[in-house]
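Asker: A single structure is presented below for examination.
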Amino acid sequence: MISTAGAEPLGLYIGGQFTPALSGRVLEVRNPKNGALVGRVAEGDKADIDRAVAAAEAAFPIWSGLSGAARGDIMHKAAEILARRLPEIVGIEVDQIGRPRREMTAQLARLPEWYSYFGALARTHEDTVPPFGAGYLNYTRRVPLGVVGHVTPWNHPLLILTKKVAPSMAAGNTMVVKPSELAPITPLLLAEVFKEAGVPDGVYNVVPGFGATAGLALTTHPAVRKIDLTGGTKTGQEVAALAGRNLTRVAAELGGKASVIVFPDTDVDRAVSAALFASFIATGQTCVQGARLLVHRSIHDAVVTRLVARAEAIRIGDPQDPATQMGPLVSARQRDLTEHYVRIGLEEGATLATGGARPEGPAFDCGFFYRPTIFTDVTNTMRIAQEEIFGPVVCVLPFETEEEAVALANGTEFGLAMSVWTRDLARAHRVTHRLEAGIVWINDHHRIDPASPWGGFKMSGIGRENGRVAYEEYTQIQNVIVNLTDAPFDWYADDNVEKRYS
Ligand code: NDP
66 MISTAGAEPL
76 GLYIGGQFTP
86 ALSGRVLEVR
96 NPKNGALVGR
106 VAEGDKADID
116 RAVAAAEAAF
126 PIWSGLSGAA
136 RGDIMHKAAE
146 ILARRLPEIV
156 GIEVDQIGRP
166 RREMTAQLAR
176 LPEWYSYFGA
186 LARTHEDTVP
196 PFGAGYLNYT
206 RRVPLGVVGH
216 VTPWNHPLLI
226 LTKKVAPSMA
236 AGNTMVVKPS
246 ELAPITPLLL
256 AEVFKEAGVP
266 DGVYNVVPGF
276 GATAGLALTT
286 HPAVRKIDLT
296 GGTKTGQEVA
306 ALAGRNLTRV
316 AAELGGKASV
326 IVFPDTDVDR
336 AVSAALFASF
346 IATGQTCVQG
356 ARLLVHRSIH
366 DAVVTRLVAR
376 AEAIRIGDPQ
386 DPATQMGPLV
396 SARQRDLTEH
406 YVRIGLEEGA
416 TLATGGARPE
426 GPAFDCGFFY
436 RPTIFTDVTN
446 TMRIAQEEIF
456 GPVVCVLPFE
466 TEEEAVALAN
476 GTEFGLAMSV
486 WTRDLARAHR
496 VTHRLEAGIV
506 WINDHHRIDP
516 ASPWGGFKMS
526 GIGRENGRVA
536 YEEYTQIQNV
546 IVNLTDAPFD
556 WYADDNVEKR
566 YS
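Just add 65 to wherever you are in the sequence shown, counting from 1, and you've got this note's numbering.
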């Protein structure tokens with residue numbers, strides 16, 4: 066079992082072995098709650114990416130040569146092993162990124178389902194027999210792409226990685242992972258799970274490092290057939306442009322600025338619980354954060370008063386304490402960004418209803434803590450209403466009519482997720498169908514399932530994670546057209562017979 070406690074840094078994982086970076090460089094992973102060292106990890110760059118891609122290429126014929134059923138069995142074993150190792154993994158995930166133990170326990174408990182679901186898809190996938198002319202058998206085969214690259218962020222290190230690894234592995238691809246340098250330990254630990262489950266060496270490779278070096282090398286590698294990236298919209302645009310030169314496929318799960326739309330028939334307490342859950346989970350560091358609370362004017366004041374009181378009661382503290390409800394932001398950079406946007410909000414004329422400051426006390430002195438922050442008197446053109454902050458900041462905007470709610474909700478460049486809160490069934494669906502978002506929850510937020518497609522409209526990305534569609538996006542179609550007749554055919558014969566193509 067790999068250890069984060071020893072003096073030796075964790076290696077890159079290439080071809081089934083932990084190995085130092087060729088450069089010998091090492092990254093330090095620090096705990097955002099107090100700056101303590103969590104672990105030291107080898108820092109890979111282009112030369113290591115080249116090694117990892119070569120290992121993945123070598124493993125491709127072996128892994129893709131197995132039947133879907135055989136891959137499915139191995140993935141079911143991986144699900145069981147992962148479930149067994151969750152307590153240890155949760156602890157490391159909490160230390161790496163500072164999210165509270167209660168959140169990480171709830172989130173990671175779901176991960177084995179991804180391996181079971183996609184393992185089952187590998188076993189049960191059926192191809193098609195499209196109609197063709199008489200005398201022909203015509204069928205399609207979905208075959209894997211080859212070596213694929215996964216580039217992942219720090220905010221849900223294992224969940225996001227799992228959403229990419231499970232479908233790509235099930236479909237028969239081999240892979241190289243470039244995790245965020247802030248959270249590389251759990252992706253390395255996952256390698257042990259796969260090894261024990263019987264995934265052949267070289268199928269899953271991990272090269273921690275920086276986006277500008279290891280990330281760039283992976284996304285521009287000519288042997289990589291698909292890049293699946295989760296990150297900011299700017300990163301997605303840059304990566305897609307570079308990958309396009311090699312015609313490498315790109316899936317990109319990018320930024321968001323989700324609206325939580327509360328109609329007046331919603332009970333105030335329910336609306337407030339919804340807003341808290343949508344806005345402050347993960348200290349606001351999620352792509353589907355309910356960063357914009359659109360509330361009908363008739364209940365606006367009641368919702369804001371209650372929301373402020375409830376936000377002020379959120380217990381901020383040590384993420385390892387099961388009672389803690391909000392941990393620190395992941396890094397000084399992320400807290401600086403939050404503070405920067407709070408200053409912008411004040412300059413733009415929004416009213417700070419609560420928060421807007423670091424919590425005080427010795428427990429918070431060395432970590433990147435920030436209080437839940439609520440802005441009112443926000444208009445849709447303000448930068449705080451438009452730009453992704455990725456911190457515990459929510460903007461409240463009132464609306465009068467359904468028309469106005471839809472226009473406000475659609476009035477950003479993003480289109481990842483939204484939620485609609487109403488007891489009126491017809492309105493719920495009518496409004497949802499007009500929203501420009503890849504994911505819409507009705508009377509809920511944040512829910513996810515391996516079977517349920519996940520991805521954005523507009524500048525929130527391209528491609529989908531989860532569901533059959535994710536599996537299919539990790540394959541390419543081969544069409545096989547079989548002539549069933551033995552009748553002679555000679556296009557150039559001078560036999561006065563009319564020739565046909567079909
Ligand atoms: P970044 O865009 O900064 O980084 C994402 C990953 O891309 C990291 O591994 C990073 O490396 C790497 N990277 C950065 N630049 C390049 C490059 N030029 N070439 C290749 N790789 C590169 O995002 P964050 O890590 O800060 O994560 C937050 C962002 O992720 C937010 O915008 C959020 O909305 C989005 N996100 C989207 C989700 C979705 O489902 N749509 C879910 C979760 C987050 P490194 O950081 O190590 O240098």
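Each residue gets a CB set at the ideal place from its N, CA and C atoms; glycine is no exception.
Compute every distance between the C-beta of V304 and the non-hydrogen atoms of the ligand NDP, then say whether any falls below 8 Å.
Answerer: yes
Asker: Evaluate K299 with the Cβ neighbour count: other Cβ atoms within 10 Å of its Cβ, from every protein chain shown; 16 or more gives buried, anything less gives exposed.
Answerer: Exposed is the label assigned to K299, since fewer than 16 other Cβ atoms lie within 10 Å of its Cβ.
Asker: What are the uninterrupted segments assigned as beta strand (DSSP E) that are 3 or more residues long and contained completely in the region 314-344, given in chain order?
Answerer: 314-318 and 324-327
Asker: Which first and last residues belong to the alpha helix (DSSP H) in which F125 is found?
Answerer: K111 to G130
Asker: Please name the residue, chosen from R206, I326 and N508, that lies closest to D192 on a Cα-to-Cα basis.
Answerer: R206
Asker: In angstroms, rounded to a whole number, what distance separates the CA positions of A17 and G109?
Answerer: This structure cannot settle anything about residue 17, because the visible part of the chain is limited to 66 through 567.
Asker: Using the C-alpha atoms, what's the distance from E153 back to G76?
Answerer: 19 Å
Asker: With respect to the alpha helix (DSSP H) encompassing Q543, which residues constitute its N-terminal and C-terminal limits?
Answerer: Segment T540 to N548 is the beta strand (DSSP E) holding Q543; no alpha helix (DSSP H) there.
Asker: Count the other CB atoms within 10 Å of the CB of E246; is the residue buried (16 or more) or exposed (fewer)?
Answerer: Here E246 is buried: its Cβ has 16 or more other Cβ atoms, across all protein chains shown, within 10 Å.
Asker: When the Cβ atoms of the region 486-501 are set against those of the region 318-328, are three or more pairs found closer than 8 Å?
Answerer: yes
Asker: In this structure, how does DSSP classify Q82 when only helix, strand and coil are distinguished?
Answerer: strand
Asker: What first and last residue would you give for the alpha helix (DSSP H) that runs through T298?
Answerer: T298 to G309
Asker: Taking 8 Å as the cut-off, does the region 286-295 touch the region 210-226 (at least 3 CB pairs, one atom from each stretch)?
Answerer: yes
Asker: Using the Cβ count rule (16 or more neighbours within 10 Å means buried), how would you classify G263?
Answerer: exposed
Asker: When DSSP labels each residue in this structure, what does V230 get in the three-state scheme?
Answerer: helix
Asker: The ligand NDP and N220: does any heavy atom of the ligand fall closer than 8 Å to the residue's C-beta?
Answerer: The answer is yes for N220.
Asker: In the DSSP assignment, find the unbroken beta strand (DSSP E) run with L358 in it and report its ends.
Answerer: R357 to H361
Asker: Going by DSSP in three states, L500 sits in which element: helix, strand or coil?
Answerer: coil
Asker: Which partner residues of I507 appear in the DSSP bridge assignment?
Answerer: V485
Asker: Could you pull out every residue in the same chain whose Cβ sits closer than 7 Å to the Cβ of W219, ignoring the five residues on either side in sequence?
Answerer: I162, S245, L247, A248 and V395
Asker: Can you tell which of A317, F275, P222 and F183 has the C-alpha that lies nearest to the C-alpha of N531?
Answerer: F183
Asker: Given the structure, does F275 come close to the ligand NDP, in the sense that its CB is under 8 Å from one of the ligand's heavy atoms?
Answerer: Checking the Cβ of F275 against the ligand NDP gives yes.
Asker: What is the rounded straight-line gap between the Cα of V159 and the Cα of L223?
Answerer: 11 Å
Asker: Are the region 403-417 and the region 327-345 touching, with three or more C-beta to C-beta distances below 8 Å?
Answerer: no
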